[in-house]
Amino acid sequence: MSFRSFSFRGPNASSGMGVADHCKTTFLELQGKRVHRYIIFRIDEKRREVVVEKTGGPSESYDDFAASLPENDCRYAVYDYDFVTSENCQKSKIFFIAWSPSTSRIRAKMLYATSKDRFKCELDGFHYEIQATDPTEMDLEVLKERAH
Numbered sequence: 005m006s007f008r009s010f011s012f013r014g015p016n017a018s019s020g021m022g023v024a025d026h027c028k029t030t031f032l033e034l035q036g037k038r039v040h041r042y043i044i045f046r047i048d049e050k051r052r053e054v055v056v057e058k059t060g061g062p063s064e065s066y067d068d069f070a071a072s073l074p075e076n077d078c079r080y081a082v083y084d085y086d087f088v089t090s091e092n093c094q095k096s097k098i099f100f101i102a103w104s105p106s107t108s109r110i111r112a113k114m115l116y117a118t119s120k121d122r123f124k125c126e127l128d129g130f131h132y133e134i135q136a137t138d139p140t141e142m143d144l145e146v147l148k149e150r151a152h
């Protein structure tokens, strides 16, 4: 009897998408070292895996992040939101954002939807998840409300 070994990096059974090693190391840099303010991920259909598309430096704003998301295509994103509590304590919360604009292709929406749970498992350590189909669903005010 033979058994096949399975790799967490390998393709997802439902969507066939794997996760590039660089995704997790880049996320750990955001989470632990605070090297990035945000990370935008895309599915590379030719390589059949999720890859890092863009990172934003610690000094970049939420507007810079929002402007980096494509208007007509899906993406996954992670945003490190800093804020001050009512007790004057500096805090940070990491948001996972599944960006799926209504104007994107149906195939892209399905691909990102079926790969999302597997991808989220690879990025252990975010605090909140937002599913957004237009910019108002992931506005900075939405993050503020969730974080407080």
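Residue numbers (this note's numbering): 5 to 152.
For every residue, glycine included, the Cβ atom is placed at its ideal position computed from N, Cα and C.
Give the single residue among the options whose Cα lies nearest to the Cα of residue i.
| i | options | result |
| --- | --- | --- |
| PHE69 | LYS95, TRP103, ARG111 and ALA112 | TRP103 |
| ILE43 | MET21, VAL88, PHE99 and ARG52 | PHE99 |
| THR137 | ALA117, PRO105, GLU33 and GLU145 | PRO105 |
| VAL23 | CYS93, LYS120 and THR59 | LYS120 |
| THR59 | GLU126, LYS97, MET114 and LEU34 | LEU34 |
| GLN94 | HIS152, THR30, ASP25 and LYS28 | HIS152 |
| TYR66 | ASP143, PHE45 and TYR132 | ASP143 |
Taking the alpha helix (DSSP H) that residue i belongs to, which residues open and close that run?
| i | result |
| --- | --- |
| PHE123 | 110–126 |
| GLU133 | No alpha helix (DSSP H) holds GLU133; the beta strand (DSSP E) holding it covers 132–136. |
| GLU145 | 144–151 |
In the DSSP output, what is residue i paired with across the bridge?
| i | result |
| --- | --- |
| SER96 | ASP86 |
Discussion item. Quick check on the DSSP output: what are the complete beta strand (DSSP E) runs of length 3 or more inside the segment 15–71, in order along the chain?
Written reply: Secondary structure remark: continuous beta strand (DSSP E) runs of at least 3 residues inside the segment 15–71, in chain order: 42–48 and 53–60.
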